[in-house]
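Residue numbers (our numbering): 524 to 1165.
Comments concern the structure below.
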């Protein structure tokens, strides 16, 4: 099967899933088609954890075509069994630790091959309200959707599932998989992954629930499980939907009717070429209210009514005949926005909790699952979500350019969703990165970072740039972007200057003068041919790559069509060190290029190629591993490269 045939096979799987049919022969795809293993290796070989060991010594380093064929043979004859993961603990933002399982590289490879197939099956049918762990969409898309769809929200319904990834029921998950997959051997393979267990303190522990955290297949399995929740809540939103629009308030309607009558009088004067309004109007009814009024008086009255109308609420915010429910999910975090009264919001929350408990056997945290008023808002995906503060008047008008003209446009306050940067997030970030202490905001201290003093000036500036800019890029949707990040920016900049000053045993002022250019006082460090500038908040493109993408599009298997360069190099069967063209070949991996230090020829080859992977014959790879790789002249097609 060529790579193009693999694409067609995945495309056929997607069409079958879209049509509601169960997919077959998935296990045959795994055991007979080496192209899917090439694709799986290409997808995970560059991951940071590719060289991290599980419970055995096998990592991405030393991968070969023969290793993939051996896995295929084990799957074919039924001898493959996933090994337990190695349990480690990583810190959480709240000070606690989260358990993480590290699978062996062989198991990662099998999981990735299965994930590719599962993605082809489920990606076309996943809900448009699901944003987590999906290709091409992320947190910004979820937040932008909330800003667009939650207009007028009165109540936020916030959910928190207790230990979601650890409490996924295996039987329910397998049952859900069987609804779309008609292949017992493939289902059994997923089941073995779920029950592989983990090793902690050299002791084996069984897994009775949950997905293998740390495994590449866990995110899509988690989405498959909560896809049932997406279907349920989508139906609930449709059942809750009531009315086309809110009815207008009595006050607003009266003013609007008065403006209609004024326009009728103005039209009467225009049509009959009159200067003042006559005492009797058209029709049977006498209209004496505006009798004797001139055009100028009518226009002034119309302007007065318009100003009064702009200070009057148009729609009834408590209209009992208008209801809306909106839903957004990112992995196991999901939020609902409801337009209605609180009693109805409580009933909706209880109905969803009951579904989670009875159908998916998941429990919600009573402390974190709650209902908040739109004025107070909630925290979701690191942002504070709320509504704009209400003014004394319900609405506000502002001039806006439309079609080249200034137009008075209504600005509704208290209905639009506002995204804000939480002060606590900024404070925690400054503390975690050891930039200093914010204290009360007006009295802050910046500190130097001792752990960076042995780095070059270029590396120090790059470290600060990457940290602060990454934080700013994530919060670029915030309405208080500059106000919320201004203090963080200056604390980080002062910490950067203090770190450089401590390194060179100088003062902050001298360091600033030395490294700032003459244009806009950008701190700039030049290291040979490399140049790095300390960024400014205005450099962040707040409009780029944050537009909503259409998430309910047909899944495109063509994303798998391109062959990875490392696969082409491996299939070329040429040692990139000695030039040997026969025998077996393996891929040598390093975690990052910065780890390659020294003047050995193989290191110079990798640095010159700017590659973290190099294809070697088995002999060269073994000698490199043992530290005995000969430093002979590297040749390619008979030409000396070094």
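Think of the CB as a built atom: it goes at the ideal place given N, C-alpha and C, for glycine as much as any other residue.
Relative to the C-alpha of residue i, which residue among the options is closest?
{"i": "residue 485", "options": "578, 652, 795", "result": "In this structure the chain extends from 524 to 1165, so residue 485 is not present and cannot be described."}
{"i": "residue 663", "options": "1099, 1057, 997", "result": "997"}
{"i": "residue 836", "options": "770, 762, 1092", "result": "770"}
{"i": "residue 496", "options": "652, 686, 715, 720", "result": "The requested residue 496 is not part of the displayed model; the chain covers only 524 to 1165."}
{"i": "residue 695", "options": "708, 874, 749, 969", "result": "749"}
{"i": "residue 1227", "options": "991, 993, 1018, 1004", "result": "Absent from the model: residue 1227. The displayed extent of the chain is 524 to 1165, so no value can be given."}
{"i": "residue 863", "options": "845, 853, 879, 875", "result": "845"}
{"i": "residue 593", "options": "555, 580, 620, 612", "result": "555"}
{"i": "residue 903", "options": "683, 601, 1058, 823", "result": "683"}
{"i": "residue 1060", "options": "882, 1049, 993, 1047", "result": "993"}
{"i": "residue 895", "options": "766, 861, 619, 761", "result": "861"}
{"i": "residue 681", "options": "848, 605, 840, 834", "result": "848"}
{"i": "residue 702", "options": "867, 1027, 539", "result": "539"}
{"i": "residue 588", "options": "970, 570, 1108, 1141", "result": "1108"}
{"i": "residue 815", "options": "792, 830, 833", "result": "792"}
Could you please give the first and the last residue of the uninterrupted alpha helix (DSSP H) stretch that includes residue i?
{"i": "residue 1031", "result": "1031-1038"}
{"i": "residue 662", "result": "662-672"}
{"i": "residue 492", "result": "Given that the chain is displayed from residue 524 to residue 1165, the structure contains no residue 492 and the question cannot be resolved."}
{"i": "residue 997", "result": "980-997"}
{"i": "residue 778", "result": "773-795"}
{"i": "residue 735", "result": "No alpha helix (DSSP H) holds residue 735; DSSP gives it neither H nor E."}
{"i": "residue 621", "result": "Element bounds for residue 621: not the alpha helix (DSSP H) but the beta strand (DSSP E), 620-625."}
{"i": "residue 629", "result": "628-645"}
{"i": "residue 691", "result": "Counting along the chain, residue 691 falls outside any alpha helix (DSSP H), and DSSP gives it neither H nor E."}
{"i": "residue 1048", "result": "Note, residue 1048: premise wrong, no alpha helix (DSSP H); beta strand (DSSP E) at 1047-1050."}
{"i": "residue 715", "result": "707-717"}
Identify, in the order they occur along the chain, each residue of the same chain with its Cβ nearer than 8 Å to the Cβ of residue i, setting aside the five sequence neighbours on each side.
{"i": "residue 828", "result": "778, 781, 782, 785"}
{"i": "residue 591", "result": "557, 560, 561, 564, 632"}
{"i": "residue 732", "result": "689, 690, 691, 692, 693"}
{"i": "residue 944", "result": "906, 907, 998, 1001, 1003, 1004, 1007, 1008"}
{"i": "residue 790", "result": "none"}
{"i": "residue 567", "result": "573, 583, 631, 632, 635, 739"}
{"i": "residue 873", "result": "none"}
{"i": "residue 968", "result": "959, 960, 962"}
Look up residue i in the DSSP assignment and give the residues it is bridged to.
{"i": "residue 656", "result": "Beta-bridge pairing links residue 656 to no other residue."}
{"i": "residue 909", "result": "941"}
{"i": "residue 887", "result": "684"}
{"i": "residue 852", "result": "653, 857"}
{"i": "residue 723", "result": "726"}
{"i": "residue 894", "result": "680"}
{"i": "residue 903", "result": "906"}
Apart from the five residues just before and just after residue i, which ones in its own chain have a Cβ nearer than 6 Å to its Cβ?
{"i": "residue 1097", "result": "1104"}
{"i": "residue 527", "result": "none"}
{"i": "residue 900", "result": "907, 908, 909"}
{"i": "residue 687", "result": "855"}
Could you spell out where the beta strand (DSSP E) holding residue i opens and where it closes?
{"i": "residue 860", "result": "856-862"}
{"i": "residue 1109", "result": "1108-1112"}
{"i": "residue 611", "result": "608-614"}
{"i": "residue 575", "result": "Counting along the chain, residue 575 falls outside any beta strand (DSSP E), and DSSP gives it neither H nor E."}
{"i": "residue 1054", "result": "1053-1056"}
{"i": "residue 1138", "result": "1136-1140"}
When you compare the CB positions of residue i and residue j, do they come within less than 8 Å of one another, or not?
{"i": "residue 625", "j": "residue 737", "result": "yes"}
{"i": "residue 825", "j": "residue 813", "result": "no"}
{"i": "residue 628", "j": "residue 665", "result": "no"}
{"i": "residue 712", "j": "residue 730", "result": "no"}
{"i": "residue 1012", "j": "residue 991", "result": "yes"}
{"i": "residue 710", "j": "residue 700", "result": "yes"}
{"i": "residue 965", "j": "residue 1050", "result": "no"}
{"i": "residue 1014", "j": "residue 961", "result": "yes"}
{"i": "residue 1092", "j": "residue 1138", "result": "yes"}
{"i": "residue 897", "j": "residue 679", "result": "yes"}
{"i": "residue 644", "j": "residue 754", "result": "no"}
{"i": "residue 746", "j": "residue 649", "result": "yes"}
{"i": "residue 612", "j": "residue 623", "result": "yes"}
{"i": "residue 830", "j": "residue 772", "result": "no"}
{"i": "residue 1058", "j": "residue 852", "result": "no"}
{"i": "residue 1038", "j": "residue 981", "result": "no"}
{"i": "residue 976", "j": "residue 986", "result": "no"}
{"i": "residue 685", "j": "residue 867", "result": "no"}
Compare the C-beta of residue i against all C-beta atoms of chain D and say whether one is closer than 8 Å.
{"i": "residue 995", "result": "Among the chains in the structure shown there is no chain D, since it carries only a single protein chain."}
Less than 7 Å between C-beta atoms, sequence neighbours within five positions excluded: which residues of the same chain meet that for residue i?
{"i": "residue 740", "result": "634, 637, 638, 716"}
{"i": "residue 1085", "result": "Note on residue 1085: pLDDT 44, under 50, position unreliable in the model; no value is reported."}
{"i": "residue 817", "result": "798, 799"}
{"i": "residue 1171", "result": "The structure shown does not extend to residue 1171, since the chain is modelled only from 524 through 1165, so no value can be given for it."}
{"i": "residue 532", "result": "552"}
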